[in-house]
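**Student:**
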Amino acid sequence: MGPVLTRASPAEPIPPEGTDAAPALVARALSKRFAGRTVLHRLDLDLHRGEVRGLLGHNGSGKSTFVKILSGYHQPEPGAALTVCGQPVAFTRSGHDPAHGLMSFVHQDLGLVATATIVETFGVGRYLTGLGGRISWRRERSQLAAALARFGVDLPPDRTIAEIPVTDRAILAIARAFDRLADRRQGVLVLDEPTAFLPQDGVERVCAAIRTVAHHGVGVLLVTHNIPQALAITERITVLRDGHRVLEEPTTALTTQRLVTAMVTEPVGAQTTSRARRPRSREVALAVRDLGGAGTRGVSFDVRAGEIVGLTGLMGSGFQRVPYLLFGATAARSGSACVHGDPLPLPRLTPARAIRAGLCLVPGDRARHAAVLDAPAADNITLGDLARHVRRGLLRQDRVVAHASALMDQAGVQPLAPGRDLRTFSGGNQQKAVLAKWLARAPRVLLLDEPVHGVDVSSRAQIFTRLAALADAGTAIVLASIDHDDLVAVCDTVLVLANGRITARLHGETLTAQRMLTACYQHTRTPDETV
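Just so we're on the same page, the numbering used here is the position in the sequence shown counted from 1, plus 142.
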């Protein structure tokens with residue numbers, strides 16, 4: 143069991159000398175529209191000095207848009223007003239300086255370069271210089287040591303980011319952002335999911351670092367999906383839903399269930415997908431037992447022939463790693479699997495062996511892991527099965543193009559131009575081409591990670607229709623996604639993971655978006671309990 147977070151007592155900020163007690167942040171009537179759709183509706187939000195304020199909301203709630211407005215990445219609609227420590231912020235078409243050093247940000251990816259040293263990373267963007275304008279590494283090391291000491295951390299300055307634990311990386315990012323404030327006794331620090339991918343033993347250390355920042359008088363805005371963490375460390379919590387502020391109360395007045403209800407209002411008895419009520423084959427196509435590795439542990443489940451099983455959870459819960467572990471793309475530490483009764487030892491599994499066993503994987507990052515965008519569509523689609531087009535030791539390009547054309551037509555890829563580079567196709571048609579490549583192998587088990595991410599509405603519907611038809615023909619499908627509405631629409635069963643373990647199995651009448659979201663946060667439920 144990981145460390146238990148306890149509810150924090152209100153911070154006692156140290157007020158900056160010679161200043162009035164103006165709020166750290168006052169936002170009024172912040173709105174944002176994209177393509178005629180309002181994604182943030184006249185948001186008002188105050189943040190006191192020395193306060194840790196939680197900002198919660200499900201995907202698409204408007205949290206990220208609000209943070210991007212604060213950072214100057216987006217310009218709000220006319221009529222918005224923003225002040226930081228009493229200073230008004232002017233919005234311009236070219237963005238704005240985040241309040242002249244009074245706001246600092248730590249984004250989810252932490253903004254660190256794996257191959258850079260700690261001291262290089264800490265100083266990037268504002269290196270201290272000496273005579274002749276050269277970087278003074280002596281001063282940089284001294285500044286780094288002082289900044290880390292505030293958080294009780296001592297890191298070797300010449301070690302690379304890749305060589306230090308992930309928790310130390312998060313604390314380094316917070317220390318750097320805190321050091322960037324023009325006055326470290328006032329200002330605003332915005333943290334976007336700082337603990338999403340941390341091991342359990344690192345969460346409490348980062349929370350302690352957040353409390354340290356607040357104790358100095360800085361207002362901290364904590365954007366998070368982690369309800370237990372928000373309840374433990376914040377003084378107030380604001381919840382956004384569909385761009386609206388739907389809840390704002392002192393943390394002591396809130397519970398997990400109230401926050402979940404505020405984020406998702408779907409009634410508990412909401413209608414489920416028709417697929418979930420249709421009978422499936424009794425034959426187990428994929429049996430997974432005690433899978434462990436890449437942040438998962440003890441993961442066990444069955445997928446019947448013709449069944450679509452969804453995997454979901456909060457960021458960092460481990461659900462998205464499962465397809466890669468089952469395909470051998472990520473090394474499993476433990477566990478076993480059977481495909482239609484044939485054993486598949488996971489710790490020694492390779493992608494080549496998985497393919498021979500009848501498994502195929504559609505990765506989530508299309509550009510990096512699923513396609514060669516600067517190669518023709520025909521080459522991408524036939525890349526995994528070129529041997530069938532070889533005659534007398536030569537690759538017959540005419541056969542490659544003909545085969546690719548047939549597969550593209552079957553998958554609905556537009557335009558039907560196999561000679562064009564895949565990069566020139568829309569995101570939806572790129573994804574249909576990637577799917578066509580793997581479906582040409584007639585997989586017995588299809589593994590997918592976010593198969594409709596960055597895909598237009600029409601292509602999204604076509605992809606889901608094809609997956610349903612594939613399942614109806616007997617293929618077992620495992621689909622990892624953070625989009626709960628998609629999972630409700632296409633899956634027969636959904637497994638929810640938290641802290642690397644399955645915490646709920648939802649199917650039939652229990653398969654709704656609200657129950658899914660509730661299960662994501664209620665980590666203490668037993669694996670076989672339906673929420």
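For glycine and all other residues, C-beta sits at the position ideal for the given N, C-alpha and C.
1. What three-state label does DSSP hand Asp563 in the structure shown?
2. Using a Cβ-Cβ cut-off of 8 angstroms (strictly less than) and excluding sequence neighbours within five positions of Gln580, which residues of its own chain qualify?
3. For Arg498, which of Glu262, Leu323, Val226, Leu486 has the nearest alpha-carbon?
4. Expressed to the nearest angstrom, what Euclidean distance is found between the alpha-carbon atoms of Ala479 and Phe320?
5. Tell me which residues share the same chain as Ala169 and place their Cβ nearer than 7 angstroms to its Cβ, disregarding the 5 neighbours each side in the sequence.
6. Would you give the residue range spanned by the beta strand (DSSP E) that Gly440 belongs to?
7. Return helix, strand or coil for Gln556, following the three-state DSSP convention.
8. Just the Cα atoms here: how many angstroms apart are Leu653 and Ala473?
9. Compare the C-beta of Arg439 against all C-beta atoms of chain D and say whether one is closer than 7 angstroms.
10. For the beta strand (DSSP E) holding Pro487, just list the boundary residues, first then last.
11. Could you give the distance in angstroms between the alpha-carbon of Met440 and the alpha-carbon of Arg431?
12. I need the boundaries of the beta strand (DSSP E) containing Pro299, first residue and last residue.
13. Work out the CA separation of Thr524 and Arg541 for me, nearest whole Å.
14. Provide the residue span of the beta strand (DSSP E) that contains Phe247, from first to last.
15. What does a CB cutoff of less than 8 angstroms around Asp444 pick up in its chain, not counting 5 residues either side in sequence?
16. Measure the beta-carbon distance from Ile369 to Leu401 and round it to whole angstroms, keeping in mind my assumption that it falls under 8 angstroms.
17. Between Ala372 and Val514, what straight-line distance do the alpha-carbon atoms span, to the nearest angstrom?
18. Taking 8 angstroms as the cut-off, does the segment 217-233 touch the segment 193-204 (at least 3 CB pairs, one atom from each stretch)?
19. Would you report the Cα separation of Gly359 and Gly329, rounded to the nearest angstrom?
20. Could you check where the beta strand (DSSP E) with Ser278 kicks off and where it finishes?
21. Kindly indicate the opening and closing residues of the beta strand (DSSP E) around Ser568.
22. Would you check if the distance between the CB atom of Gly452 and the CB atom of Val481 is smaller than 7 angstroms?
23. Going by other Cβ atoms of all chains shown within 10 Å of its Cβ, with 16 needed for buried, is Val308 buried or exposed?
24. By DSSP, does Arg179 sit in helix, in strand, or in coil?
25. Could you tell me the alpha carbon to alpha carbon distance between Ile450 and Gly470, rounded to whole angstroms?
26. State whether the segment 333-343 contacts the segment 625-639, with contact taken as three or more CB pairs (one from each stretch) at a distance under 8 angstroms.
27. Would you kindly check if the distance between the Cβ of Ser173 and the Cβ of Leu167 is under 7 angstroms?
28. For the candidate residues Ala559, Gly554, Pro165, Leu244, whose alpha-carbon lies nearest to that of Gly570?
29. Is the Cβ-Cβ distance between Ala351 and Phe293 less than 7 angstroms?
30. What is the DSSP secondary structure of Val632, reduced to helix, strand or coil?
31. Tell me, to the nearest whole angstrom, how far the beta carbon of Leu564 is from that of Ala512; I am working on the premise that it is less than 8 angstroms.
32. State the DSSP-derived secondary structure class of Gln229, mapped to helix, strand or coil.
33. Kindly list the residues whose CB is nearer than 7 angstroms to the CB of His216, restricted to its own chain and excluding five residues on each side of it in sequence; keep chain order.
34. Since Ala578 and Leu549 should fall inside the 8 angstroms C-beta cutoff, what is the C-beta to C-beta distance between them, to a whole number of angstroms?
35. Ignore the nearest five residues each way along the sequence and tell me which others in Arg322's own chain have a CB closer than 6 angstroms to its CB.
36. Provide the residue span of the alpha helix (DSSP H) that contains Ile450, from first to last.
**Tutor:** If we stick to the structure as given:
1. Reduced to three states, the DSSP call for Asp563 is strand.
2. Inspection of the sequence shows that residue 580 is occupied by Trp rather than by Gln. Excluding residues within five positions, the ones whose Cβ falls inside 8 angstroms are Cys502, Leu503, Val504, Gly526, Leu588.
3. Checking every option, the nearest Cα to that of Arg498 belongs to Leu486.
4. Inter-residue distance for Ala479 and Phe320 is about 47 angstroms (C-alpha atoms, whole angstroms).
5. Hits under 7 angstroms: Leu185, Asp186, Leu187, Leu224.
6. First-last of the beta strand (DSSP E) with Gly440: 438-446.
7. Correct three-state label for Gln556: coil.
8. Straight across, the Cα-Cα distance linking Leu653 with Ala473 is about 31 angstroms.
9. Going by chain labels, chain D is absent from the structure shown, which holds only one protein chain.
10. Pro487 -> beta strand (DSSP E) spans 484-487.
11. The amino acid occupying residue 440 in the given sequence is Gly; Met does not appear at that position. Between the alpha carbons of Gly440 and Arg431 lies a distance of about 7 angstroms.
12. Counting along the chain, no beta strand (DSSP E) covers Pro299, and no H or E run does either.
13. Using only the alpha carbons, I get a separation of about 10 angstroms.
14. Phe247 -> beta strand (DSSP E) spans 245-248.
15. So the list reads Val426, Leu428, Ala429, Val430, once near-sequence residues are dropped.
16. Yes, they are in contact, since the Cβ atoms of Ile369 and Leu401 sit about 5 angstroms apart, within 8 angstroms.
17. The straight-line gap from Cα to Cα measures roughly 41 angstroms.
18. No, they do not touch.
19. Between Gly359 and Gly329, the alpha-carbon positions lie close to 8 angstroms from each other.
20. Here Ser278 belongs to no beta strand (DSSP E), and DSSP marks it neither H nor E.
21. First-last for Ser568: undefined, no H or E at that position.
22. Not closer than 7 angstroms, so no.
23. Counting Cβ neighbours within 10 Å, Val308 comes out exposed, since fewer than 16 surround it.
24. Note: Arg179 maps to strand in three-state DSSP.
25. Their backbone Cα atoms lie some 21 angstroms apart in a straight line.
26. Under the three-pair Cβ rule at 8 angstroms, the segment 333-343 does not count as touching the segment 625-639.
27. No, these two residues do not count as a Cβ contact at 7 angstroms.
28. Of the candidates Ala559, Gly554, Pro165, Leu244, the one whose C-alpha sits nearest the C-alpha of Gly570 is Gly554.
29. Yes, the pair counts as a contact, with Cβ atoms nearer than the cut-off.
30. Looking at Val632 - three-state DSSP - the assignment turns out to be helix.
31. For a cut-off of 8 angstroms, the C-beta gap from Leu564 to Ala512 is around 10 angstroms, too long to register as a contact.
32. In the structure shown, Gln229 sits in a strand (DSSP, three-state: E or B).
33. Spatial neighbours of His216 in its own chain (CB-CB distance under 7 angstroms, excluding positions within 5 residues in sequence) are listed in chain order as Lys174, Thr207, Lys210.
34. Sure, about 4 angstroms apart at Cβ, within 8 angstroms.
35. Hits under 6 angstroms: Ser246.
36. Annotation: Ile450 is outside any alpha helix (DSSP H); the continuous beta strand (DSSP E) that includes it extends over 450-455.
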